[in-house]
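J.: This is the structure I have questions about; it appears just below.
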Amino acid sequence: YAVLRFKMLMSANPAALAPGPLMVGLGLLSLLFAGLMLYRRGDIKRLFAYSSIEHMGIITFAFGMGGPLANFAGLLHMVMHSLTKSAIFYAVGHVAQIKGTQKMADISGLTVTHPGLGWAFLVGVAAIAGLPPLGVFMSEFLIVSSTFAVEPLLAVPLVLGLLTAFGALMMRTTAMAFGEPSGNSPAGTPPGWVSYLPIHAHLALVLVAGLYLPAPLVGWFRNVAGLLG
């Protein structure tokens, strides 16, 4: 909200510098920096905190590019990221409770030891990494497409940053899902299956959004995108 208000106020002032180039530059910087830092994180919560920095960079970049399609994609990405990341952090909290640690090196084999949690975590990672047919893929695809259509050269660092972050997430989380189950003792009573429902509900919405967006929602996004300029 603060970024959008900044853009709208600056754009309305003819004496001020255009905010678009600044937002594009800061967005790319955040994306590339966070993508590289993902390779160095050993704490699972910090890993996804840097993932959030990456996605804030993507959103800032989209709004900096401006135009109906980029603004539409930025708004969609805000919603998809919020749904996906809330599911991931909910899952990560369960993982830390079950394993008694947040160190990724001490967490493995979740799909074997806790299938409901492990597979939900894996789907969340796939979603936030931008794999189809999930909603984040759709919004990122629209951002990349709109960039190629307007400024093809800017699409190069954008795609590079997305691939860097994708590789880091896959590398750091694969063992957590499929590795040999770790022998860590639980820190407390494992959560019941009911506590997994918010994770599954959010991920279901992300999946549906990747396949179909209701016309009223599309219309609302278009109206707001038009106001952003």
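Counted the way the numbering used here counts, the sequence shown spans residues 518 to 746. Backbone N, C-alpha and C fix where the C-beta goes; we use that ideal spot for every residue, glycine too. From a predicted model like this one, the values you see are computed outputs, not experimental measurements.
1. Excluding the 5 residues flanking Ile660 on each side, which residues of the same chain have their C-beta closer than 6 Å to its C-beta?
2. Which residues in the same chain as Ser569 place their Cβ atom closer than 7 Å to its Cβ, once the five residues preceding and following it in sequence are excluded?
3. Between Thr681 and Leu671, which are expected to be in contact by the criterion C-beta below 8 Å, what is the C-beta distance as a whole number of angstroms?
4. Thinking just about the alpha-carbon of each residue, which of Pro698, Val741 and Ile645 is nearest to the one in His719?
5. Can you round the beta-carbon distance between Ala732 and Asn588 to whole angstroms, since I take them to be within the 8 Å contact cut?
6. What residue range does the alpha helix (DSSP H) around Met765 cover?
7. With DSSP as the reference, please indicate the residues paired to Asp560 in a beta bridge.
8. Looking at C-beta atoms only, is the number of pairs between the segment 648–662 and the segment 529–549 that lie closer than 8 Å three or more?
9. Which residues in the same chain have their Cβ closer than 6 Å to the Cβ of Gly635, if we skip the five residues on either side of it in sequence?
10. Find out if the Cβ-Cβ distance for the pair His717, Ala643 is shorter than 9 Å.
11. Using only the alpha-carbon positions, how far apart do Ser599 and Pro538 sit?
12. What are the start and end residues of the alpha helix (DSSP H) that includes Leu526?
13. Quick check on Pro754: does DSSP put it in helix, strand or coil?
14. Would you check if the distance between the CB atom of Met621 and the CB atom of Ala726 is smaller than 9 Å?
T.: Reading it off the structure:
1. Ala579 and Ala590
2. Lys602
3. Actually they do not touch by this definition, with Cβ atoms about 16 Å apart.
4. Ile645
5. Not really, about 18 Å apart at Cβ, beyond 8 Å.
6. Limits of the chain in this structure are 518 at one end and 746 at the other, which puts residue 765 out of reach.
7. Lys620
8. no
9. Here Gly635 has Leu627, Thr628 and Ala694 as same chain residues with Cβ atoms under 6 Å from its own Cβ, once five neighbours each way along the sequence are excluded.
10. no
11. 25 Å
12. Ala519 to Ser528
13. The shown model of the chain, from 518 to 746, leaves out residue 754, and the question about it has no answer.
14. No. Outside cutoff.
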